[in-house]
Each structure stands twice: as structure tokens, then as C-alpha cells.
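What follows is a set of notes on a single structure, which appears directly below.
There are 2 protein chains.
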Amino acid sequence: MKHFDQQQLAAMENRERVKFINSLSGFKSANLIGTSNRRNDDNLAIISSVVHLGANPPLIGFIMRPHSVDRHTLENIEETGVYTINHVHRGIVKQAHQTSARYDRDQSEFAETGLTPARYDGFHAPYVEESRLSMGVKLVEVASITHNGTEFVIGEIQWVRTDEKAIHDDGFIDIEALETVAVSGLDRYHSTQSLCRLSYAKPDKPVAELDLNGDSHDQNDD
Amino acid sequence: MKHFDQQQLAAMENRERVKFINSLSGFKSANLIGTSNRRNDDNLAIISSVVHLGANPPLIGFIMRPHSVDRHTLENIEETGVYTINHVHRGIVKQAHQTSARYDRDQSEFAETGLTPARYDGFHAPYVEESRLSMGVKLVEVASITHNGTEFVIGEIQWVRTDEKAIHDDGFIDIEALETVAVSGLDRYHSTQSLCRLSYAKPDKPVAELDLNGDSHDQNDD
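Chains A and B, in that order, are what the protein sequence lines are.
All letters in the first sequence, in the order written, are residues 1 to 222 by UniProt numbering.
All letters in the second sequence, in the order written, are residues 1 to 222 by UniProt numbering.
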């Protein structure tokens with residue numbers, strides 16, 4: 001095992017450090033953020049920083065970098081107050097990645113990449129028709145991270161669209177069955193293979209493996 | 001495809017909604033946060049919300065839920081200003097998950113789960129000896145998310161410890177080779193299989209597949 005100290009990290013060539021540091025957080029989610037401005041110009045941007053924030057109310061967040069190619073996304077969200085978050089599955093990885101190109105404001109990443117914008121019941125922001133899990137989100141807070149000028153965009157989930165067959169008895173959604181992909185570093189995409197579901201951990205008891213419906217395999221489990 | 005509207009989401013039974021909403025963000029990182037208080041009592045907590053924030057300075061964040069079993073983690077971070085973040089690989093999944101049990105303050109999750117605390121050059125917080133990618137982090141900011149009382153804990157990476165063989169020519173770290181796992185929902189763990197690395201996207205050019213060193217497979221690529 002090799003240790004890199006602060007001086008060694010600082011001495012890395014800039015693009016090398018970007019790829020190295022981007023690898024450190026572990027696997028990331030792969031989502032497309034769909035927005036539209038007041039004139040109904042659509043925008044679509046791939047984001048790998050979507051995180052769960054709470055179930056009640058159902059809150060979800062993502063990081064917006066300063067001066068990124070995704071700046072139209074945040075402008076549209078602030079203008080209309082709504083956006084969609086759409087899982088990337090293995091069949092649309094290249095189209096999803098292509099949305100990160102620096103398109104002009106009057107170009108729609110939907111049209112440029114061949115993904116299809118769809119609308120849900122008067123909700124202003126478009127979702128991705130090809131995605132197997134989409135949600136509509138209402139902006140609740142943009143928290144500024146003063147240390148490096150990033151913004152943490154927080155929203156409340158308004159609706160969810162997914163394949164009902166992937167939803168199990170206890171509410172768990174099998175996103176592996178949906179072929180949702182994971183991201184590592186800046187640019188690598190991965191499919192997944194299930195290792196296990198594990199029971200709620202208690203101090204004096206080993207964790208048990210659960211089936212996909214959340215039931216224990218262990219007959220002695222309470 | 002099924003649509004769930006806001007009323008249907010709100011009508012779900014509480015534990016069902018927790019599992020459903022936790023599945024929506026996509027794949028998550030699996031990391032153990034190592035801390036120690038001033039009296040050197042160690043603490044270890046599994047966290048699935050670690051996100052990349054920036055490469056220069058190298059910043060990383062994670063979400064701390066209010067009143068969670070991980071409350072000792074944030075207390076220790078605020079007391080000492082430092083912590084470690086350690087990737088969970090497939091060989092330590094059950095031990096890592098077990099750290100989420102509600103242990104008393106005087107119990108070390110290292111001792112209770114059989115994971116080994118190790119120290120780097122006078123850095124106060126312990127890292128996980130068994131982990132294949134660990135980093136030391138200095139607290140820079142705790143941003144409160146006012147909407148639901150969560151805290152976004154932001155730190156600067158001070159050092160990194162990993163297997164040099166997993167680092168490729170352009171700085172990219174092959175965390176799949178390290179057997180780092182991904183999480184979905186509250187309690188499911190996944191290994192990964194590489195689909196592709198993709199080139200930096202440009203508006204008028206299809207993305208190319210890259211090898212693990214970041215070189216293009218396409219001989220015509222510039």
C-alpha cells in the first residue's frame with residue numbers, strides 16, 4: 001500500500017489530480033437532470049453527485065460545480081423551480097455521457113443525443129422517456145459551499161415513474177434489475193452484480209442476509 | 001411504467017416509504033468513517049452519502065442525519081477536526097454493515113466488528129487497516145440543511161493510502177480492481193463490472209471508448 005501525503009497530492013499535474021481525486025469518493029450515481037426554461041427550451045445534463053437526504057419529507061440533493069457546462073441546468077431550476085432526475089441505464093450510457101459536451105444555450109441535449117423529452121401532467125420540466133426510473137423534483141434550497149464555490153441543490157420529490165415489477169414487498173426498488181449504472185472517477189461506467197441485502201444491524205447479533213423482499217434467510221431470525 | 005404522485009408517496013407506510021425513497025438516488029458509495037475523541041476512544045460508522053466536491057483543493061463531503069446512530073462520529077469530528085474515509089470492499093461488507101448497530105459510546109465498532117484501527121504519522125483519527133483505499137480528512141465546514149435538519153460535512157483530503165497497482169497512467173484509480181462495493185437502497189450491496197471509460201464529450205463528435213490508462217481505442221481520435 002502506498003501513502004500519498006499532502007505535498008505529493010499538491011505536486012500532481014492538474015489533470016492527473018482531477019482524475020485521482022475524483023476516484024476517491026467510491027461509486028457514484030449516474031443521473032440525468034432534465035430542465036426547461038420559461039420559453040420551454042429543454043436542457044439535459046449528466047450528474048454523478050445525486051444523494052439521498054431524507055424520506056419524510058422525500059428530499060434529494062446534488063452538487064453543482066461553479067462555471068461548469070451544466071450552468072444552464074441551475075439557471076433553469078432557479079427560473080422555474082422544478083427539475084427531473086432520471087436514472088441512466090446501460091442502454092443509454094453513451095447518450096447520457098454525451099450530454100456533458102459544451103452545447104450552446106439554444107441547443108437541446110435531448111435533440112443532440114437522441115434522448116426523448118416527455119412531460120408528466122403539467123409538470124414543467126421534461127423527464128427522459130428512455131429512463132427506467134424518473135422523478136419530478138421541486139427546488140427547496142440552494143446551499144452555497146463557501147469553501148470552493150459549489151452549490152448544493154436540494155429538492156423535494158413530487159412524483160416517481162418506474163417499472164412496477166422492480167418494486168419489492170417492503171418498498172425496496174431493485175435498481176440492478178432496471179440496469180441502472182454506477183460511475184467511478186470522471187468517466188467510467190459500471191453495471192452491478194448483487195452481493196447481498198443485509199438485515200438491520202443490532203449490537204449483539206450478527207447481521208442476516210435478506211431476500212429481495214426484505215425477508216430473512218435465517219429461520220431463527222426474529 | 002407506473003407513476004406515483006405526491007399523495008401516493010405520502011400514503012405509503014413509513015418503513016415502506018423509507019426503503020422506496022432510499023432507492024431513488026441510484027447507486028451509492030460505501031465508506032467507513034473513522035474517528036476518535038480526545039481520549040482516543042475510536043468510532044467507526046458506515047456512510048453511503050460520501051460525494052466528491054472538488055479536486056483543487058481536494059474536497060469531499062458526506063451527509064449526517066439528525067439523531068442517527070452515527071452521532072458519535074460528528075461529535076468526534078467537531079472535537080478533533082479530523083476523520084478518515086475508508087472504502088468498503090467485498091471482503092468486509094458484513095463487518096462494515098454491522099458498524100451501523102446502536103453501540104454505546106464506550107464501545108469501539110472496530111473491536112465489536114473485528115476491523116483493525118491503524119494510525120498514519122500522528123494523524124489523530126484511525127483508518128481501517130483492511131480497507132484498500134483510505135484517506136485522512138480535515139474538517140473545513142459543516143453546512144446545515146435547514147429543511148430537514150441534516151448536516152453536510154465537508155473536509156479537505158490530507159493524505160491517501162491505496163494499492164499503487166490500481167492507479168493508472170492518467171491518475172484514474174481502478175476502484176473495481178480494489179473490489180470496492182456499491183450500495184442501493186438502505187441495505188443492498190453490489191460488486192461491479194466495467195462497461196466502459198468514455199472520452200471527454202465534445203458537441204460535434206461521438207464519444208470514444210478509452211482504455212484504463214485513459215487512451216482512446218479509436219485510432220482517428222485527436
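Backbone N, C-alpha and C fix where the C-beta goes; we use that ideal spot for every residue, glycine too.
Under the Cβ criterion of 7 Å, B/Lys-138 is not counted among the residues facing chain A.
Note that the C-beta distance between A/Ala-30 and A/Val-153 is not below 7 Å. Per DSSP, reduced to three states, the secondary structure at B/Thr-80 is helical.
In the three-state reduction of the DSSP assignment, B/Thr-146 falls in the coil class, being assigned neither a helical nor a strand state. Between the stretch 170-179 of chain A and the stretch 21-39 of chain B there are three or more C-beta pairs closer than 8 Å, enough to call the two in contact. Contact annotation, A/Tyr-189 with A/Val-137: C-beta distance approximately 23 Å; criterion of less than 8 Å not satisfied. B/Asp-163 is the residue among B/Val-18, B/Asp-163, B/Ser-191 and B/Thr-113 whose C-alpha sits nearest the C-alpha of B/Leu-133.
Between A/Leu-53 and A/Leu-44, the C-beta spacing is not below 7 Å. Chain A has no Cβ within less than 7 Å of the Cβ of B/Gly-34. At a cut-off of 7 Å between beta-carbon atoms, B/Ala-45 makes no contact with chain A. DSSP places B/Val-183 inside the beta strand (DSSP E), whose first and last residues are 182-184. A residue is called buried when at least 16 other Cβ atoms come within 10 angstroms of its Cβ; A/Glu-156 meets this threshold and is buried. At least one CB of chain A lies nearer than 7 Å to the CB of B/Pro-58. Nearest Cα to B/Thr-150 within the set A/Pro-57, A/Ile-33 and A/Phe-4: A/Pro-57. The straight-line gap separating the alpha-carbon atoms of B/Glu-130 and A/Glu-141 is approximately 39 Å. With a threshold of 16 other beta carbon atoms within 10 Å, B/Asn-213 falls short and is exposed. In the DSSP annotation of this structure, the continuous segment of the beta strand (DSSP E) that includes B/Ile-46 starts and ends at 42-47. Taking all protein chains in view, the Cβ of B/Pro-117 is crowded by 16 or more other Cβ atoms within 10 Å, so the residue is classified as buried. Following the DSSP letters along the chain, one finds A/His-97 inside the alpha helix (DSSP H) bounded by residues 93-98. Going by beta carbons, A/Thr-192 and A/Glu-179 fall outside the 7 Å limit. With fewer than 16 other Cβ atoms from the protein chains shown falling within 10 Å of its own Cβ, A/Asn-40 counts as exposed.
In terms of Cβ geometry, B/Lys-28 and B/Ser-48 form a close pair [threshold 7 Å]. Just so you know, the alpha carbons of B/Glu-109 and B/Ser-199 end up roughly 42 Å apart.
According to DSSP, A/Val-153 shares a beta bridge with A/Phe-62 and A/Val-142. Residue state for A/Thr-73 is assigned as helix, using DSSP reduced to three classes. Bridge partners of A/Ser-194 according to DSSP: B/His-190.
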